[in-house]
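K.L.:
Residue numbers 1 to 483, in UniProt numbering, belong to the letters of the sequence shown in order.
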Amino acid sequence: MSIHKVGVKSPTLQRLTSEETKVDDFHAPLNVTDKHLEQWFNIACDIYINLTDTRGAFNTTVCVPQIIATLELFAQTAALNCRNFIRSLIFPESSSQLLFNGSLSIYLEQWENSAHEAARPGSFTMQRRILVHPTFTKSYGFETFMTLKSLGTEVKIMYGNYLTEIAEWLRRACKIDGFPEKAAPISFWQMARRDQQTVNNQKCPIFIAASHFEFPIKSNVLDCERVYTTDFTPTSGMPIKVLSCKLYCNPLSPFKSVKIGEESMMITLPTSCENLNLYVIENCDVLDMKDANQLKKYITDCDKAKPNKDVTSIFLPCFFEFPARSTNIAQCLSCAVNHMDKLFQPDAFGDLAYDGGEPSAVTSTRTASNIQHYDYLELMRLPDTNTTIDIREDDHGNAHCITRPFCVIVWDNQRRLPLYLSRIGRPDRPKAEGDPDFHGEKPAPKKQRGFFDWFKRKKKKHNNHHIPSERTTVSKTTDMQFQ
């Protein structure tokens with residue numbers, strides 16, 4: 001297992017950059033204007049809309065700073081034709097000097113640090129990695145090395161027990177406590193195949209961006225003692241029972257809400273974060289949201305709204321289980337951003353990939369997606385989910401119960417940009433033993449006994465019961481071994 005943490009500047013590299021290269025060439029200040037922020041907001045919204053267009057019974061989360069960091073990486077390292085296009089995409093009004101110095105990484109680092117401070121007493125963490133196939137390792141050019149370093153991106157050669165190491169990385173670096181060791185959220189190359197398309201895909205590294213945001217609800221608002229079960233109706237499918245937290249309204253922490261359309265409502269939830277707001281759009285699937293301007297208008301209207309005195313409490317469905325799979329950002333970029341398919345042509349990854357590498361935007365039997373994100377939202381001080389109280393519709397009273405798919409927006413007030421955009425189509429369900437939805441798969445059918453099976457001796461049963469990890473629905477997977 002080989003890890004090179006590019007984000008740490010060694011004494012040798014310090015001498016190299018001071019003697020041979022001017023640091024200002026790589027870290028010149030970037031004047032981020034409103035047009036920059038508007039463009040980044042549009043890109044993030046286009047990706048979010050593309051991911052949630054099917055309105056299925058699943059959860060989708062997009063971390064906006066990681067989207068911009070991904071584009072910045074390839075704006076500095078991809079093949080020349082792709083590089084120029086991505087630069088014009090994320091720098092709509094910058095001089096040619098700013099396009100080439102990689103100074104956006106400084107802005108992203110400042111954004112991450114300010115969001116981490118604003119999230120207190122919660123936390124916000126971002127990590128990035130380049131996963132390299134052990135057969136196709138290479139040396140990077142100086143410009144590529146400096147880009148990886150400035151973005152704090154590790155380079156890891158994948159061999160050995162890499163699945164366990166990735167789980168440990170998510171627990172340690174992203175501070176995702178309780179992440180199961182046998183979870184396999186990342187899609188890797190197909191190692192058993194040796195056809196030309198698979199080999200060319202293996203020549204391209206897999207870029208992974210991971211983030212974790214633990215948001216705190218005010219202690220005088222959240223019911224920290226118990227969790228409730230409420231009814232939830234997906235956009236397609238039968239009503240189900242889900243776990244919900246109860247939030248209380250008080251004069252110091254009122255709920256602001258504004259009606260959107262005929263069937264939706266936007267609610268501001270009181271958090272302990274400074275410069276970060278938390279919004280919920282109830283029944284978001286009926287809204288035909290087309291761009292970032294529409295979402296910004298919703299937020300502006302909600303900020304201007306008066307406290308809703310008719311609502312004394314809210315039942316918010318929980319959505320804090322670990323995502324079972326990473327988000328295929330490569331496919332979203334190629335589908336939602338015009339001409340972004342150029343990045344998924346042979347040799348488009350430039351110096352990042354081995355000669356002849358062919359990046360892929362899809363995960364199939366032959367290829368793996370070469371750009372994946374793993375983003376996890378978590379409530380700080382989550383109540384014990386083992387003890388629940390069932391709440392029926394007749395018991396709501398003055399409480400407002402969210403019963404349809406909803407959107408969660410973590411909004412950065414300083415930059416007027418979302419930190420996260422998330423659609424919750426499948427909230428956490430009660431942990432009933434034998435519930436196929438809890439494990440994410442249907443139970444295997446029972447095998448019928450043959451005539452001679454009745455005469456076979458029954459094996460003794462061993463008392464090795466498996467206890468599932470708390471707050472996780474990640475299915476078991478066997479470790480793949482490189483051949």
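Backbone N, C-alpha and C fix where the C-beta goes; we use that ideal spot for every residue, glycine too.
Confirm, please, whether the CB-CB distance from V280 to I267 is below 8 angstroms.
P.N.:
In the sequence shown, counting from the first residue as 1, residue 267 sits at position 267. In the sequence shown, counting from the first residue as 1, residue 280 sits at position 280. Closer than 8 angstroms, so yes.
K.L.:
Is the beta carbon of T388 less than 8 angstroms from the beta carbon of Y228?
P.N.:
Your numbering for residue 388 matches position 388 in the sequence shown. Your numbering for residue 228 matches position 228 in the sequence shown. Contact flag set, yes.
K.L.:
Using the C-alpha atoms, what's the distance from E321 back to T135?
P.N.:
On the sequence shown, position 135 is the one that residue 135 refers to. On the sequence shown, position 321 is the one that residue 321 refers to. Distance between the alpha carbons of T135 and E321 is about 35 angstroms.
K.L.:
Rounded to whole angstroms, what is the Cα-Cα separation between residue 497 and E72?
P.N.:
Residue 497 is absent from the model: the chain starts at 1 and stops at 483.
K.L.:
Which word fits A192, buried or exposed, when buried means at least 16 other C-beta atoms lie within 10 angstroms of its C-beta?
P.N.:
Residue 192 sits at position 192 when you count from the first residue of the sequence shown. A192 should be labelled exposed.
K.L.:
Our contact map puts K342 next to F85 with C-beta atoms below 8 angstroms; I'd like the distance itself, whole angstroms only.
P.N.:
The residue labelled residue 342 in the question sits at position 342 within the sequence shown. The residue labelled residue 85 in the question sits at position 85 within the sequence shown. Indeed, because the Cβ distance is near 6 angstroms, the residues count as touching under 8 angstroms.
K.L.:
Along the chain, where does the alpha helix (DSSP H) containing P65 start, and where does it finish?
P.N.:
Residue mapping note: residue 65 aligns to position 65 of the sequence shown, counting from 1. V64 to T77 is the span of the alpha helix (DSSP H), which, as asked, contains P65.
K.L.:
Report buried or exposed for Q110, applying the criterion of at least 16 other Cβ atoms within 10 angstroms of its Cβ.
P.N.:
Residue 110 sits at position 110 when you count from the first residue of the sequence shown. Q110 comes out exposed.
K.L.:
Which residues does DSSP list as the beta-bridge partners of S313?
P.N.:
The count along the sequence shown starts at 1 and reaches residue 313 at position 313. According to DSSP, which records beta bridges pairwise, S313 is partnered with Y248 and A399.
K.L.:
Rounded to the nearest angstrom, what separates E378 and G122 at their Cα positions?
P.N.:
For the purposes of this step, residue 378 is taken as the residue at position 378 of the sequence shown. For the purposes of this step, residue 122 is taken as the residue at position 122 of the sequence shown. When rounded, the distance between both Cα atoms is 9 angstroms.
K.L.:
Assuming M158 and V199 make a contact with CB atoms under 8 angstroms, what is their CB distance in whole Å?
P.N.:
Within the sequence shown, numbered from 1, the residue matching residue 158 stands at position 158. Within the sequence shown, numbered from 1, the residue matching residue 199 stands at position 199. In fact, because the Cβ distance is near 15 angstroms, the residues do not count as touching under 8 angstroms.
K.L.:
So F406 is in the beta strand (DSSP E); what residue range does that whole segment cover?
P.N.:
One-based indexing of the sequence shown puts residue 406 at position 406. Residues F406 to D412.
K.L.:
Helix, strand or coil for Y354 per DSSP?
P.N.:
Walking along the sequence shown from the start, residue 354 turns up at place 354. DSSP places Y354 in coil when its eight states are reduced to three.
K.L.:
If you drop the 5 nearest sequence neighbours on each side, which residues of the same chain put their C-beta closer than 8 angstroms to that of S253?
P.N.:
In the sequence shown, the residue the question calls residue 253 occupies position 253. Correct list, in chain order: K218, N220, V221 and P270.
K.L.:
Just confirm the distance between the C-beta atoms of C45 and L295, as a whole number of angstroms; I'd bet it's less than 8 angstroms.
P.N.:
One-based indexing of the sequence shown puts residue 45 at position 45. One-based indexing of the sequence shown puts residue 295 at position 295. That belief holds up - the Cβ atoms of C45 and L295 are roughly 6 angstroms apart, short of 8 angstroms.
K.L.:
Do you know offhand how far L163's Cα is from E181's?
P.N.:
As a position in the sequence shown, residue 163 is number 163, starting the count at 1. As a position in the sequence shown, residue 181 is number 181, starting the count at 1. Their backbone Cα atoms lie some 8 angstroms apart in a straight line.
K.L.:
I need the DSSP call for P134, collapsed to helix, strand or coil.
P.N.:
For the purposes of this step, residue 134 is taken as residue 134 along the sequence shown, with counting starting at 1. Note: P134 maps to helix in three-state DSSP.
K.L.:
Which of the three DSSP states, helix, strand or coil, is assigned to N200?
P.N.:
As a working note, residue 200 is residue 200 in the sequence shown. Residue state, collapsed to three classes: helix.
K.L.:
What are the boundary residues of the beta strand (DSSP E) that includes S422?
P.N.:
Start at 1 with the first residue of the sequence shown, and residue 422 comes out as number 422. Segment L417 to I424, the beta strand (DSSP E) holding S422.
K.L.:
Would you kindly check if the distance between the Cβ of L419 and the Cβ of V408 is under 8 angstroms?
P.N.:
If you number the sequence shown from 1, residue 408 lands on position 408. If you number the sequence shown from 1, residue 419 lands on position 419. No, the Cβ-Cβ distance between V408 and L419 is not below 8 angstroms.
K.L.:
Which two residues bound the contiguous alpha helix (DSSP H) that contains K35?
P.N.:
Sequence index remark: in the sequence shown, residue 35 carries index 35 (1-based). Note, K35: alpha helix (DSSP H), D34 to L51.
K.L.:
Taking 8 angstroms as the cut-off, decide whether the C-beta atoms of S272 and P307 are in contact.
P.N.:
Residue numbering aside, residue 272 sits at position 272 when the sequence shown is read from its first letter. Residue numbering aside, residue 307 sits at position 307 when the sequence shown is read from its first letter. Not closer than 8 angstroms, so no.
K.L.:
Between the C-alpha atoms of D428 and D291, what's the straight-line distance to the nearest angstrom?
P.N.:
Within the sequence shown, numbered from 1, the residue matching residue 428 stands at position 428. Within the sequence shown, numbered from 1, the residue matching residue 291 stands at position 291. Cα to Cα, D428 sits roughly 29 angstroms from D291.
K.L.:
Thinking C-beta only, is C204 closer than 8 angstroms to F74?
P.N.:
Numbered from its first residue, the sequence shown carries residue 74 at position 74. Numbered from its first residue, the sequence shown carries residue 204 at position 204. No. Outside cutoff.
K.L.:
Helix, strand or coil: which one does DSSP assign to L151?
P.N.:
Taking the sequence shown and counting its residues from 1, the one referred to as residue 151 is at position 151. The answer is coil: DSSP assigns L151 none of H, G, I, E or B.
K.L.:
By the three-class DSSP mapping on this structure, what secondary structure does K456 have?
P.N.:
Counted from its first residue, the sequence shown places residue 456 at position 456. With a pLDDT of 45 at K456, under the threshold of 50, the modelled position of that residue is not reliable, and the figure given next carries that caveat. Coil, per DSSP.
K.L.:
With DSSP as the reference, label K296 as helix, strand or coil.
P.N.:
As a first step, residue 296 is located in the sequence shown; it is residue number 296 there, counting from the start. Three-state result, K296: helix.
K.L.:
So, using beta-carbon positions, are D195 and V258 closer together than 8 angstroms?
P.N.:
Taking the sequence shown and counting its residues from 1, the one referred to as residue 195 is at position 195. Taking the sequence shown and counting its residues from 1, the one referred to as residue 258 is at position 258. Cβ distance not < 8 angstroms, so D195 and V258 don't count as in contact.
K.L.:
For G141, which residues from the same chain have a beta carbon less than 8 angstroms from its beta carbon, with the 5 sequence-adjacent residues on both sides left out?
P.N.:
Walking along the sequence shown from the start, residue 141 turns up at place 141. Here the set comprises D351.
K.L.:
Per DSSP, what are the beta-bridge partners of H339 in this structure?
P.N.:
Counted from its first residue, the sequence shown places residue 339 at position 339. In DSSP, H339 forms no bridge with anything.
K.L.:
For I208, which residues does DSSP report across the bridge?
P.N.:
On the sequence shown, residue 208 is found 208 positions in, with the first residue counted as 1. For I208, which the question treats as bridged, DSSP gives the partners R129 and Q372.
K.L.:
Compute the Euclidean distance between the alpha carbons of T367 and A184, then round it to the nearest angstrom.
P.N.:
For the purposes of this step, residue 367 is taken as the residue at position 367 of the sequence shown. For the purposes of this step, residue 184 is taken as the residue at position 184 of the sequence shown. Each residue's Cα considered, the two are about 17 angstroms apart.
K.L.:
Rounded to a whole number of angstroms, what is the C-alpha to C-alpha distance between Y48 and N328?
P.N.:
Within the sequence shown, numbered from 1, the residue matching residue 48 stands at position 48. Within the sequence shown, numbered from 1, the residue matching residue 328 stands at position 328. Their backbone Cα atoms lie some 12 angstroms apart in a straight line.
K.L.:
Cα-Cα, which of D347, L276, E214 and C401 is closest to I299?
P.N.:
In the sequence shown, counting from the first residue as 1, residue 299 sits at position 299. Out of D347, L276, E214 and C401, L276 has the C-alpha closest to the C-alpha of I299.
K.L.:
Please list, in chain order, all residues of the same chain as M340 whose beta carbon is under 6 angstroms from its beta carbon, the five residues on each side excluded.
P.N.:
Here residue 340 refers to the residue found at position 340 when the sequence shown is read from its first residue. Cβ neighbours of M340 beyond the five flanking positions: L333 and S334.
K.L.:
Looking at C-alpha atoms only, which residue of E274, C224, I391 and W40 is the closest neighbour of P383?
P.N.:
Numbered from its first residue, the sequence shown carries residue 383 at position 383. Residue C224 is the option with its Cα nearest to P383.
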